[in-house]
Amino acid sequence: MKLPRRQLLVDPPAASSSDIAFILIIFFLVCASVQPETGLAQALPRTEEKEERKQQSKNLEVSITPSSIVLNGNPLQLEEFHERITAALQTRKRAEDKVVVVKSAATTQYDHWIRVSQAIDQAGGTVTLEMQSERTITVD
Numbered sequence: 017m018k019l020p021r022r023q024l025l026v027d028p029p030a031a032s033s034s035d036i037a038f039i040l041i042i043f044f045l046v047c048a049s050v051q052p053e054t055g056l057a058q059a060l061p062r063t064e065e066k067e068e069r070k071q072q073s074k075n076l077e078v079s080i081t082p083s084s085i086v087l088n089g090n091p092l093q094l095e096e097f098h099e100r101i102t103a104a105l106q107t108r109k110r111a112e113d114k115v116v117v118v119k120s121a122a123t124t125q126y127d128h129w130i131r132v133s134q135a136i137d138q139a140g141g142t143v144t145l146e147m148q149s150e151r152t153i154t155v156d
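Residue numbers for the sequence shown, in the working numbering: 17 to 156.
This is how it looks when you write it as structure tokens:
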């Protein structure tokens with residue numbers, strides 16, 4: 017006696033294809049929405065080692081510590097600093113003379129540094145950073 021054969025339907029699993037589509041959509045949304053963060057835009061001047069530097073007046077020096085701001089050796093609070101830097105930069109006419117050298121302690125908080133650099137920018141100065149540099153001098 018012959019038994020009738022049953023037809024088996026073989027379908028690919030549909031549940032996994034929707035999961036894959038969902039994961040791909042999430043992947044492309046995450047990749048497309050990444051935007052680089054921008055901070056405070058500053059144009060840092062290049063150092064010049066020319067004879068013209070002799071004509072340039074002495075740059076203002078600002079040292080930032082976590083507790084105070086020191087302008088040319090005088091410790092100040094932020095409000096006083098804003099007034100003093102504005103007054104000091106108004107007396108200087110050339111752009112080369114409005115360079116302010118900023119030194120910062122390693123423990124200085126970022127928002128404190130930003131407030132000081134914004135005060136310098138608002139006063140019309142150009143912020144330049146003093147970093148450690150190494151020179152090799154050979155003596156013959």
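Idealized CB from N, CA, C, for every residue including glycine.
Three-state class that DSSP yields for residue 154 in the structure shown: coil
task: My understanding is that residue 118 touches residue 78, with C-beta atoms under 8 Å, so please give their C-beta distance in whole angstroms.
output: 5 Å
- prompt: Who pairs with residue 91 in a beta bridge, going by DSSP?
  reply: 86
task: Tell me whether residue 97 is buried or exposed, calling it buried when 16 or more other Cβ atoms sit within 10 Å of its Cβ.
output: buried
message: Taking DSSP's pairing of strands, which residues face residue 80 in a bridge?
response: 85 and 120
message: Please tell me whether residue 139 and residue 105 are closer than 8 Å, where the distance is taken between their beta carbons.
response: yes
field: Reduced DSSP secondary structure (H/G/I, E/B, other) of residue 26
entry: coil
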